[in-house]
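Number of protein chains: 2
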Amino acid sequence: MYTVYGQAISGNCYKLKLCLSQLRLPFRWVELDILAGATHTPEFLIMNPNGQVPVLGIDAETYLPESNAGLCYLADGTHLFPSEKLPRARVLQWLFWEQNSHEPWVAGARFILKMAGGGPEHQARLAICHKRGVEALDRLELRLGLYPFLTGDSYTIADLALYAYTHVADEGGFDMKRYPAIRTWLDRVAAQPDHVKMLEA
Amino acid sequence: MYTVYGQAISGNCYKLKLCLSQLRLPFRWVELDILAGATHTPEFLIMNPNGQVPVLGIDAETYLPESNAGLCYLADGTHLFPSEKLPRARVLQWLFWEQNSHEPWVAGARFILKMAGGGPEHQARLAICHKRGVEALDRLELRLGLYPFLTGDSYTIADLALYAYTHVADEGGFDMKRYPAIRTWLDRVAAQPDHVKMLEA
Numbered sequence: 135m136y137t138v139y140g141q142a143i144s145g146n147c148y149k150l151k152l153c154l155s156q157l158r159l160p161f162r163w164v165e166l167d168i169l170a171g172a173t174h175t176p177e178f179l180i181m182n183p184n185g186q187v188p189v190l191g192i193d194a195e196t197y198l199p200e201s202n203a204g205l206c207y208l209a210d211g212t213h214l215f216p217s218e219k220l221p222r223a224r225v226l227q228w229l230f231w232e233q234n235s236h237e238p239w240v241a242g243a244r245f246i247l248k249m250a251g252g253g254p255e256h257q258a259r260l261a262i263c264h265k266r267g268v269e270a271l272d273r274l275e276l277r278l279g280l281y282p283f284l285t286g287d288s289y290t291i292a293d294l295a296l297y298a299y300t301h302v303a304d305e306g307g308f309d310m311k312r313y314p315a316i317r318t319w320l321d322r323v324a325a326q327p328d329h330v331k332m333l334e335a
Numbered sequence: 135m136y137t138v139y140g141q142a143i144s145g146n147c148y149k150l151k152l153c154l155s156q157l158r159l160p161f162r163w164v165e166l167d168i169l170a171g172a173t174h175t176p177e178f179l180i181m182n183p184n185g186q187v188p189v190l191g192i193d194a195e196t197y198l199p200e201s202n203a204g205l206c207y208l209a210d211g212t213h214l215f216p217s218e219k220l221p222r223a224r225v226l227q228w229l230f231w232e233q234n235s236h237e238p239w240v241a242g243a244r245f246i247l248k249m250a251g252g253g254p255e256h257q258a259r260l261a262i263c264h265k266r267g268v269e270a271l272d273r274l275e276l277r278l279g280l281y282p283f284l285t286g287d288s289y290t291i292a293d294l295a296l297y298a299y300t301h302v303a304d305e306g307g308f309d310m311k312r313y314p315a316i317r318t319w320l321d322r323v324a325a326q327p328d329h330v331k332m333l334e335a
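Listed below in structure tokens is the structure:
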């Protein structure tokens, strides 16, 4: 059985929970408190020396860090990750874009406001997160006004990954009323079979 | 024949040049001046609405943005990207880590100092880039003190991708004298067959 080492409030951790649920794979969830230092204990650093959640436990000695690598591993050979070369590269294109152009800013703003207290020491970084986060959401809005899902007509792990932090972007101070196509897509993703909510047990 | 739309000084663009060279695939390079706005023309935005280089031109109507997606596409089925599920996921783990925990900060600092003039308006962002960039380089140093290449004994597109900005990290103000294992690995990567330099024609 798979194990997810994560924190329920984290979008990156939610990605693995959602993917495992939608693939109907049984898993165990180990809840860790990031702010209390649980990702920097010697035991955790053996699993991921980078000190970040989630980690996908594959067996008692095999641990895979990086949420999107976990999605690729779990969805390999399933309907959520195409096997043909170009469609597969398109899914990867959006997964890399998520980690570079979306997550650092959209999730970053939410972390500052929801978890780190949003104090004055965070304001310079928050301003950068808001500027770059709006650019990312504008880009998503453009794309999702043209296609029902990120890579075209089918729901894939690209949609799953982008959903994780976009559906709680308002908690980072982003005004989601500006994004009708994103909101329609969020509903479409949430209507997929075996969808589970972020904080649902 | 493949086409790379890129700027020679960009590490992300260099990744595709290096991968194509090492796979001995013929390609055409179209040089674009990012600061002059070449990635925001209507012609470019058709290829990549995100307005970023590189774009890998696969044929006259197929364009693939995101440097690491391009690496996965090009190296699929070759010795640079293992086909077995777990070794493949390990390569993806490092590719996602590069785009999330390394490139925004290590490349970001270099962009500010080398291309954007390094003026006072950039200092808040530069400080964040230096803090997070040092964390990423410390992490690389730890890993490369244990293994010759990022995923173990073999050179893969994970090494190629991390090499691109790490080998010019000093241009972003990072003190590479602190990282002996990284420097040995940089030499090891540069000694791989068909290696080409960033600014080599």
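Chains as they are written, first to last, in my numbering: chain F, 135 to 335; chain G, 135 to 335.
C-beta atoms are modelled at their ideal positions from N, C-alpha and C, and glycine is treated no differently.
Source: prediction; values computed, not measured.
Item: Within chain G, the residues that Leu333(F) reaches when beta carbons sit closer than 9 Å; Value: Residues of chain G passing the Cβ test: none, with the nearest at roughly 24 Å.
Item: Cβ-heavy atom distance, Ala209(F) to the ligand HEM, below 8 Å; Value: In the structure on display, the ligand HEM does not appear, and there are no ligands present to speak of.
Item: Where the alpha helix (DSSP H) containing Thr318(F) begins and where it ends; Value: 314 to 324
Item: The stretch 244 to 258 of chain F contacting the stretch 212 to 229 of chain G, beta-carbon criterion three pairs below 8 Å; Value: no
Item: Closest Cα partner of Ala325(F) within the set Gly306(F), Leu294(F), Tyr299(F); Value: Leu294(F)
Item: Range covered by the beta strand (DSSP E) that runs through Ile192(F); Value: 189 to 193
Item: Contact between the stretch 148 to 168 of chain G and the stretch 309 to 318 of chain F (3+ Cβ pairs under 8 Å); Value: no
Item: Beta bridge counterpart(s) of Phe215(G) as assigned by DSSP; Value: Per DSSP, none; premise fails for Phe215(G).
Item: DSSP-derived helix/strand/coil call for Arg259(G); Value: helix
Item: Chain F residues whose Cβ lies nearer than 8 Å to that of Gln233(G); Value: Phe230, Gln233, Asn234
Item: Range of the contiguous beta strand (DSSP E) that encloses Thr196(G); Value: 196 to 199
Item: Beta carbon of Leu150(G) nearer than 9 Å to that of Leu205(G); Value: yes
Item: Gly242(F) vs Gly185(F) beta-carbon contact at 9 Å; Value: no
Item: At least 3 beta-carbon pairs within less than 8 Å: the stretch 282 to 298 of chain G vs the stretch 316 to 323 of chain F; Value: no
Item: Within 9 Å, strictly: CB atoms of Pro160(F) and Met135(F); Value: yes
Item: Residue interval of the alpha helix (DSSP H) (run including Glu165(F)); Value: Taken as a continuous stretch (DSSP letters only), Glu165(F) belongs to no alpha helix (DSSP H), being part of the beta strand (DSSP E) at 161 to 165.
Item: Cross-chain neighbours of Ala219(F) in chain G, by beta carbon under 8 Å; Value: A small fix is needed here, since residue 219(F) is Lys in this sequence, not Ala. The answer, in chain order, is Tyr207, Asp210.
Item: Coil, strand or helix - Thr300(F) by DSSP; Value: helix
Item: Touching by the beta-carbon criterion (3+ pairs, under 8 Å), the stretch 272 to 279 of chain F and the stretch 194 to 204 of chain F; Value: no
Item: Integer-rounded CB distance, given that Pro327(G) should sit under 8 Å from Gln141(G); Value: In fact, because the Cβ distance is near 26 Å, the residues do not count as touching under 8 Å.
Item: C-alpha distance - Thr290(F) paired with Lys248(G), whole-angstrom precision; Value: 39 Å
Item: Local conformation of Val225(G) per DSSP, three classes; Value: helix
Item: Ala102(F) versus Val330(F), Glu269(F), Ala258(F), Arg222(F), residue with shortest Cα-Cα distance; Value: Nothing can be reported for residue 102(F): it is not among the residues displayed for chain F, which extend from 135 to 335.
Item: C-beta neighbour in chain G for Gln141(F), strict 9 Å; Value: no
Item: Pairwise C-alpha distance: Ile192(G) and Leu220(F); Value: 10 Å
Item: 9 Å Cβ cutoff, Ser288(F) in contact with chain G; Value: no
Item: Contacts of Ile262(F) in chain G (Cβ-Cβ under 8 Å); Value: Ala258, Arg259, Ile262
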